[in-house]
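In our numbering, the protein residues as written are 4 to 369.
No residue lacks a Cβ here, since even glycine has one placed at the ideal position from N, Cα and C.
Please read these numbers as outputs of a predicted model, since none were measured by experiment.
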């Protein structure tokens with residue numbers, strides 16, 4: 004059986020890339036097709052794989068400023084030809100599902116429908132380069148073009164698997180397709196409780212992007228007498244740092260080594276999770292380390308956090324709601340062993356077993 008794996012682009016090592024890595028372990032000889040690839044930015048996780056790229060690979064700026072090349076990506080993915088294979092597995096948050104798969108059976112693990120198409124006000128029209136009136140019009144036209152392309156591309160997979168019920172609902176609304184649900188994996192051999200660690204700060208982890216809502220966390224903790232550690236990097240870093248006036252708030256650069264990230268999870272009283280995510284891998288990682296999560300009640304978080312067992316929720320993305328949630332958290336007792344047990348629901352072994360079972364049901368035995 005000839006198998007090809009497809010991923011949107013490999014210029015970071017985040018949640019989607021961890022899913023690709025878990026799938027690729029089931030198919031050690033399968034090549035990976037992707038729009039462009041930066042081995043260093045993916046920490047050489049795929050260095051031993053055959054990686055086949057599109058013509059975008061030859062454009063120097065694409066690896067660092069790929070959003071400027073969004074109009075070219077639907078065309079670029081058509082250069083990825085997976086027709087010679089029996090089974091094509093795409094890991095898609097944008098373009099990978101549009102790969103040329105011909106008569107091959109195409110299974111798409113969908114992290115989200117194309118954000119720039121369906122949530123353009125948040126992800127495209129707010130782009131810094133699109134703030135003048137003519138450019139906003141251009142952004143809206145581009146979003147309409149991407150919606151048409153994405154709807155056509157959604158017809159290519161034979162089967163969709165969504166990373167959460169939240170995303171399965173979007174697949175139904177935007178594409179008119181059904182999707183099975185399979186939560187992404189957490190490597191519980193890396194993320195686990197460390198004995199004897201004192202938990203003495205609140206924690207926030209992620210890319211510094213607007214929708215992550217680090218701003219409301221900072222506003223909340225500016226008025227709390229509680230230590231807060233923020234781990235990450237991104238385009239909003241300078242703005243976020245300027246917001247801080249409470250000396251109990253500290254920043255840590257993006258943590259590359261997962262063992263270092265485990266160290267920070269294990270030292271935290273709770274992870275703060277104020278954003279709407281498709282799934283929310285950092286929340287699942289924290290729980291696997293026995294760290295409760297204080298989360299906004301929306302998106303994938305409601306499928307990860309069990310209130311009163313592995314965390315609690317707040318209902319508004321405001322500093323006031325976060326401060327009240329922190330006060331409730333301090334009045335609630337959580338057992339780290341019980342929290343960590345919840346995290347095992349998301350183990351990589353569970354994910355690979357479920358993924359193999361889906362393929363077996365379609366006649367593909369691994």
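Just list the beta strand (DSSP E) runs in the segment 221–261, keeping only unbroken ones of 3 residues or longer that don't cross its boundaries, in chain order. Correct list: 231–234 and 252–255.
Can you tell me whether residue 157 is buried or exposed? The criterion is at least 16 other CB atoms within 10 Å of its CB, across all chains shown. Within the chain shown, the letter at position 154 stands for residue 157. Buried, by the Cβ-count rule.
Would you mind giving the Cβ-Cβ distance between residue 167 and residue 281, rounded to the nearest angstrom? I have them listed as a contact below 8 Å. For the purposes of this step, residue 167 is taken as residue 164 along the chain shown, with counting starting at 1. For the purposes of this step, residue 281 is taken as residue 278 along the chain shown, with counting starting at 1. Going by Cβ atoms, the distance from residue 167 to residue 281 rounds to 6 Å, so yes, they are a contact pair.
Consult DSSP for residue 56 and reduce its assignment to one of helix, strand or coil. The sequence position of residue 56 within the chain shown is 53, counting from 1. Per DSSP, reduced to three states, the secondary structure at residue 56 is strand.
Within 10 angstroms of the Cβ of residue 198, are there 16 or more other Cβ atoms? Answer buried if so, exposed if not. Residue numbering aside, residue 198 sits at position 195 when the chain shown is read from its first letter. Residue 198 is exposed by the Cβ-count criterion.
By how many angstroms is the C-alpha of residue 290 removed from the C-alpha of residue 342? By 1-based counting over the chain shown, the position of residue 342 is 339. By 1-based counting over the chain shown, the position of residue 290 is 287. Rounded to the nearest angstrom, the gap between the Cα atoms of residue 342 and residue 290 is 6 Å.
Skipping 5 residues on each side, what residues in its chain have a beta carbon closer than 6 Å to that of residue 364? Along the chain shown, read from residue 1 onward, the residue named residue 364 stands at position 361. Once the five neighbours on either side are set aside, residue 364 has no close Cβ partner at all.
Determine the DSSP secondary structure at residue 321, reduced to helix, strand or coil. The residue you call residue 321 lines up with position 318 of the chain shown. Residue state, collapsed to three classes: coil.
On a Cα-Cα basis, can you pick out the residue from 201, 219 and 165 that is closest to residue 306? Start at 1 with the first residue of the chain shown, and residue 306 comes out as number 303. Among 201, 219 and 165, the Cα nearest to that of residue 306 is on 165.
Tell me the rounded alpha-carbon separation between residue 192 and residue 340. Locating residue 192 in the chain shown gives position 189, where the first residue counts as 1. Locating residue 340 in the chain shown gives position 337, where the first residue counts as 1. Between the alpha carbons of residue 192 and residue 340 lies a gap of roughly 15 Å.
Rounded to whole angstroms, how far is the Cβ of residue 116 from the Cβ of residue 219, which I believe are closer than 8 Å? Here residue 116 refers to the residue found at position 113 of the chain shown. Here residue 219 refers to the residue found at position 216 of the chain shown. Wrong, their Cβ atoms sit about 26 Å apart, outside the cutoff.
Considering only the alpha carbon of each residue, which of 301, 354, 163 and 71 lies closest to residue 141? For the purposes of this step, residue 141 is taken as residue 138 along the chain shown, with counting starting at 1. The option with the nearest alpha carbon to residue 141 is 71.
List the endpoints of the continuous alpha helix (DSSP H) containing residue 175. Against the chain shown, residue 175 aligns to sequence position 172. Start and end: 168–178.
The segment 41–56 touching the segment 87–94, judged by at least three CB pairs closer than 8 Å: As far as the Cβ criterion goes, the segment 41–56 does not touch the segment 87–94, which means the pair count is below three.
Could you compute how far the alpha carbon of residue 128 sits from the alpha carbon of residue 338? Numbered from 1 along the chain shown, position 125 holds the residue referred to as residue 128. Numbered from 1 along the chain shown, position 335 holds the residue referred to as residue 338. Model confidence at residue 128 stands at a pLDDT of 48, short of 50, so the residue's coordinates are unreliable; what they give is reported in the following sentence. The straight-line gap from Cα to Cα measures roughly 44 Å.
Taking just the CA atoms, how far does residue 51 sit from residue 302? On the chain shown, position 299 is the one that residue 302 refers to. On the chain shown, position 48 is the one that residue 51 refers to. Their backbone Cα atoms lie some 35 Å apart in a straight line.
Between the CA atoms of residue 205 and residue 250 - distance to the nearest angstrom: Within the chain shown, numbered from 1, the residue matching residue 250 stands at position 247. Within the chain shown, numbered from 1, the residue matching residue 205 stands at position 202. Their backbone Cα atoms lie some 14 Å apart in a straight line.
With 16 as the cutoff for other CB atoms within 10 Å, does residue 351 come out buried or exposed? Locating residue 351 in the chain shown gives position 348, where the first residue counts as 1. Flag for residue 351 reads buried.
Once the 5 residues before and after residue 30 are set aside, which same chain residues still bring their CB inside 7 Å of it? Working through the chain shown from its first residue, we reach residue 30 at position 27. Its chain contains 6 and 8 as the residues whose beta carbon lies nearer than 7 Å to that of residue 30, once the 5 sequence neighbours on both sides are disregarded; these appear in chain order.
Cα-Cα, which of 226, 114 and 221 is closest to residue 173? Position 170 of the chain shown, counted from the first residue, corresponds to residue 173. Of all alpha-carbon atoms in 226, 114 and 221, the one lying nearest the alpha-carbon of residue 173 is that of 114.
Every unbroken beta strand (DSSP E) inside the segment 262–329 [3 residues or more]: Taken in chain order, the unbroken stretches of beta strand (DSSP E) that lie wholly in the segment 262–329 and span 3 residues or more are 271–276, 296–299 and 314–317.
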